[in-house]
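Engineer: Quick one: structure below, then a few questions.
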Amino acid sequence: MIRWFKRKWKELNSRRRLNKVTGPREFQAMAAELRELARIAEQVCCEQELLMNRVERIKAEMDELERITANPEFRRLSLERKLELRKSLSESLDQLQKSVRTAPSPTKLLQ
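Residue numbering for the sequence shown is 68 to 178, as defined by our numbering.
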């Protein structure tokens, strides 16, 4: 009986943690961070047309994500879909950070 309660308690805590990282506020914060990084990439990598197209697409998708997470239907998405979306956002963030880090210096003058 005590084992059953312990197991249920652990399941409840793990479900709460997952709900916290897959909640609308978490996705809105990730979208805002990605949008800000896209703005920075836009300023730093303005000569690279392929990257600029990707940055514009990211900004549009983050606006769409903000709109979607504000709706109550977002909470009805399955946990698997939310975890998949979170993983995708994390990968996009890593790729964008890598692009910004490898961007050439905007000026040739030493600071």
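Don't be surprised by glycine CBs; every beta carbon is placed ideally from N, CA and C.
1. Check whether the Cβ atoms of residue 153 and residue 89 sit closer than 8 Å, and answer yes or no.
2. Ignore the nearest five residues each way along the sequence and tell me which others in residue 104's own chain have a CB closer than 8 Å to its CB.
3. Going by the CB atoms, is the gap between residue 118 and residue 156 shorter than 8 Å?
4. Hey, could you find the ends of the alpha helix (DSSP H) residue 115 is sitting in?
5. Taking 8 Å as the CB-CB limit, is residue 69 close to chain B?
6. Could you give the first and the last residue of the continuous alpha helix (DSSP H) run that contains residue 91?
Structural biologist: Taking the structure as given:
1. yes
2. 160, 163, 164, 167
3. no
4. First-last for residue 115: undefined, no H or E at that position.
5. Here chain B cannot be found, since the structure has a single protein chain.
6. 91 to 111
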